[in-house]
Amino acid sequence: MLDARATPTPLVQVRDLKMHFPIYSGIFRRHTGDVKAVDGVSFDIMPGETLGLVGESGCGKSTVGRTLLRLYDPTAGSVTIDGTDIATLSPEALRLKRPTMQMVFQDPQASLNPRMTLAEIIGEPLREHTTGDAATQLERVYELMNAVGLNRRFARRFPHEFSGGQRQRIGIARALALNPKFIVCDEPIAALDVSIQAQVVNLLEDLQDNLGLTYLFISHDLSMVRHIADRVAVMYLGLIVELSPRDALYANPLHPYAKALLSAVPEADPAREATRRRIILKGDVPSPANPPKGCTFCTRCPQVFDRCRTERPALIEAEPGRKVACHLFTTPTAGSTGSVEVTEPNQQGVSK
Amino acid sequence: MPDGAQPVLDVRGLKTVFRTRGGDIHAVNTVSFHLRPGELLGVVGESGSGKSVTMMSLLGLLPSPPADVRGGQVWLGGQDILTIGVDALREVRGAKVGFVFQDPMTSLNPVFTIGHQIAEPLIRHMGMTKAQASVRAAELLELVGIPDAKKRLRAYPHQFSGGMRQRVMIAIALSCDPDVLIADEPTTALDVTIQAQIIELIKDLRQKLGMAIIWITHDLGVIAGIADRVMVMYGGQVVEQAPVRELFANPQHPYTRALLKTIPKLGGARAARLQVIEGQPPIIMAEPEACQFRARCVHAHARCEAENPQRRAIDGAAVGQGHDVACHWTAGAGDA
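From first to last, the protein sequence lines stand for chains A and B.
One rule links them: number in our numbering = place in the first sequence (from 1) + 5.
One rule links them: number in our numbering = place in the second sequence (from 1) + 1331.
Right, here's the structure in full:
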């Protein structure tokens, strides 16, 4: 592992991952189409890194997280986690692989069994995957509760006795039970109040430092992603449109959608709010069952031109370490940073 | 119509209690505020802080039992609407006050067309005929930025996206030309780019129609961009109230100060670690006799345990007029 630092191998390698959900209709329930929730995404996550995955509802970010852990069977593509291709593993091999990869869900209410005590919930993965006796397992449960800041006196209580923030701690303790290397955090703070969000995010960061965890942090909260992620992938309609290091993305988003998304986030500063120029996108996200031909963002893009409507741009390296899927960047001469620095000339959208 | 100095809405000492099997829950405790004509008042607080319950109880929208509005006055258009009775109150709702709820899916009726639902208050409150109401409904849809309005009147809510449904809700709330629009977390269920659309729409409608707006949210960012004045609620009480710039530049209550620090920033320096407000918001099982925030407060002292702080002005203006705070502790220069 020591040499690995020189040439780090990614812990997670995703290649051209597709997840299509079939649509059946008519009286014969014929297969009439597909919801292309994820339509070919590729990215790597380095050991110890946090990759932020952002986008609006329906863009496929949660589906990516779930397909990564094979909660869904992917339509195509490969997911290599810690050297094994998850996408093709047999059920038993997959079960044995589960301890390395875990998930923290959005809704701590729905993801905890209301009829199990806290000790049973956190201990369940131990019973399933380890051989220790009950006393050893309970000791481990106490250890985990301690790690996430839950008092061990609570071990025999039920989920409904806890607040949202505490429930999320239970979910995190369960995910940690088997010493995973990789955790998918699917909107772990979306259901929590502002003052509780910071508690959970700090906990996730502490655990990462102490246990060397690797995170995929899925969220629609761009400010929080800026805080926690090292690199950020922006998704739109089943595709990654930009994948950049955090600071570069927030300082200067390249893809027009990333720009619009960042400009739409309200900031808690009245003086800045008064002077900010928002890019207001027109209309709604198209249906993933019938995405636009060409670039999926072409129907709402303020900088759209003819090529966007016919040809889908590939995710290419626009600057060192930054990837973007946009025709403004596909021909290096026409669309390098110079043209992008210009703030939107056509105040598209300030609605009339 | 009240003149410039007179507030459109004046709430004094509102108290709401929920009777539950486990005992009474004091959700709103002596809340007072007013709304000037054309003003946008932002109400910020976490879930359970009483912000929604305050607005629902002043319009009699809470089912009783379990809710019980125990005291206070709500002055609107020269009358105390808590005393006027159910039928008169029904006239006030819709006609004088419009309400936009958080979730546009559950607040629209799925089995009636959009046109029917916009026309309903017009027929009910404005005495329009069906034909008149339908013409006006199309105008309203156009006003809230839904293209091809006439055709869209025949559509059902499920045929609209979340953002469009919220536009429909706004159209319904505005249909009778209300003096006050109460928007309860109107953009919380929406994506950021759609939220930006709705905020632009409200800003635009405010200029065109000039109604006063109460905007309830937990998102300080939204408030910073849209409000004239902000009221911060915690534990069923107003803990701080100030003009928007003043509040963000010079927050006084330890809760407001902590809240502003706990949210990560989109620009500027990135904090290595987020500031945390330890603990949980309270559940108020009795009329408060101590400060509700004391258990989580870094400045708590003996007096906070003994006495529930009253709102006091910090800038010489009367309470409610300028900047006021309900806290025993006084922020000094250089305090954390």
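Heads up, the beta-carbon is just placed ideally off N, CA and C, and yes, glycines get one too.
Classification of residue i by the beta-carbon crowding that lies within 10 angstroms, buried from 16 upward
i: B:M1500; result: buried
i: A:E272; result: buried
i: B:H1357; result: buried
i: A:T362; result: A question about residue 362 of chain A goes unanswered here, because the residues of chain A that appear run from 6 up to 357.
i: B:H1489; result: exposed
i: A:S224; result: buried
i: A:H36; result: exposed
i: A:M24; result: buried
i: B:D1522; result: buried
i: B:K1427; result: buried
i: A:K264; result: buried
i: B:V1629; result: exposed
i: A:F310; result: exposed
i: B:F1579; result: buried
i: A:M108; result: buried
i: A:L318; result: Sequence check: residue 318 of chain A is Pro here, not Leu. That one is buried.
i: A:F33; result: exposed
i: A:H332; result: buried
i: B:G1379; result: buried
i: A:V19; result: buried
i: A:G220; result: Note on identity: in this sequence residue 220 of chain A is Tyr, with Gly being the wrong assignment. Buried: at least 16 other Cβ atoms inside 10 Å.
i: A:D274; result: buried
i: A:Y29; result: exposed
i: B:H1659; result: buried
Proximity of residue i and residue j at Cβ, strictly below 9 Å
i: B:L1371; j: B:I1545; result: yes
i: B:V1656; j: B:H1549; result: no
i: B:E1531; j: A:I285; result: yes
i: B:V1563; j: B:V1569; result: yes
i: B:A1626; j: B:P1613; result: yes
i: A:L4; j: A:L181; result: The structure shown does not extend to residue 4 of chain A, since chain A is modelled only from 6 through 357, so no value can be given for it.
i: B:G1647; j: B:V1359; result: no
i: A:L73; j: A:V59; result: no
i: B:E1638; j: B:A1621; result: yes
i: A:R231; j: A:Y255; result: yes
i: A:A44; j: A:V17; result: Ala is not the amino acid found at residue 44 of chain A; the sequence shown has Asp there. Contact flag unset, no.
i: B:G1702; j: B:L1484; result: Because chain B is modelled from 1332 through 1667, residue 1702 of chain B falls outside the range shown and cannot be assessed.
Proximal chain A residues relative to residue i, where beta-carbon distance stays under 8 Å
i: B:I1545; result: Ordered by position in chain A, no residue passes the 8 Å Cβ test against B:I1545, which lies about 18 Å from the chain.
i: B:L1590; result: V199 and S200
i: B:A1450; result: Going along chain A, no residue has its Cβ under 8 Å from B:A1450, so there is no contact; the nearest lies around 25 Å.
i: B:A1398; result: Residues of chain A passing the Cβ test: none, with the nearest at roughly 22 Å.
Sequence-distant residues of its chain with Cβ nearer than 7 Å to residue i (five each side left out)
i: B:D1341; result: H1365 and W1406
i: B:S1383; result: D1515 and I1547
i: B:I1503; result: Q1448, I1449 and P1452
i: A:V146; result: A124, I127, G128 and A160
i: A:G170; result: L197, I201, Q204 and V205
i: B:L1389; result: V1342, L1345 and V1405
i: B:I1525; result: G1493 and G1494
Contacts that residue i makes with chain B (C-beta to C-beta distance below 7 Å)
i: A:P275; result: A1555, V1575, R1576 and F1579
i: A:M229; result: P1595
Proximal residues to residue i (C-beta, below 6 Å), its chain only, five neighbours per side dropped
i: A:N184; result: none
i: B:G1391; result: L1420
i: A:H134; result: P104 and L183
i: B:V1362; result: L1345, T1385 and V1569
i: B:G1381; result: A1358, V1359, M1564 and G1567
Sequence-distant residues of its chain with Cβ nearer than 8 Å to residue i (five each side left out)
i: B:A1644; result: V1650, Q1652, G1653, H1654 and D1655
i: A:L99; result: R75 and I91
i: B:E1422; result: H1456
i: B:I1554; result: G1373, V1375, W1546, T1548, V1561 and V1575
i: B:P1595; result: R1601, A1602 and L1605
i: A:L131; result: G137, Q142, R145, V146, A182 and L183
i: B:R1537; result: G1369, L1371 and I1544
Neighbour list for residue i in chain A, Cβ cutoff strictly below 7 Å
i: B:G1494; result: D289
i: B:A1321; result: Absent from the model: residue 1321 of chain B. The displayed extent of chain B is 1332 to 1667, so no value can be given.
i: B:A1311; result: Nothing about residue 1311 of chain B can be read from this structure; chain B reaches only from 1332 to 1667.
Proximal residues of chain A, C-beta to C-beta of residue i below 9 Å
i: B:H1549; result: D198 and V199
i: B:I1608; result: V199, S200, I201, A203 and Q204
Neighbour list for residue i in chain B, Cβ cutoff strictly below 8 Å
i: A:V270; result: V1523, G1552 and L1597
Proximal residues of chain D, C-beta to C-beta of residue i below 9 Å
i: B:E1516; result: Absent from the structure: chain D. Protein chains present are A and B.
Any non-hydrogen atom of the ligand PLP within 8 Å of residue i CB
i: B:M1457; result: What this structure holds is no ligand at all, so the ligand PLP is not there to describe.
Worksheet item: Is the segment 55 to 70 of chain A close to the segment 180 to 200 of chain A, with three or more CB pairs under 8 Å?
Response: They touch, by the three-pair rule.
Item to complete: Give a yes or no on contact between the segment 322 to 331 of chain A and the segment 1554 to 1569 of chain B, applying the rule of three or more CB pairs nearer than 8 Å.
Response: Three or more beta-carbon pairs separated by less than 8 Å are not found between the segment 322 to 331 of chain A and the segment 1554 to 1569 of chain B, which leaves the two stretches without contact.
Discussion item. Is it the case that the segment 1511 to 1528 of chain B contacts the segment 1457 to 1469 of chain B, given that we only count it when at least three CB pairs across the two stretches are under 8 Å?
Written reply: Under the 8 Å Cβ criterion, the segment 1457 to 1469 of chain B does not count as touching the segment 1511 to 1528 of chain B, having fewer than three qualifying pairs.
Discussion item. Three Cβ pairs or more, each shorter than 8 Å: is that satisfied between the segment 285 to 296 of chain A and the segment 34 to 41 of chain A?
Written reply: Taking 8 Å as the limit for Cβ pairs, the verdict is that the segment 34 to 41 of chain A does touch the segment 285 to 296 of chain A.
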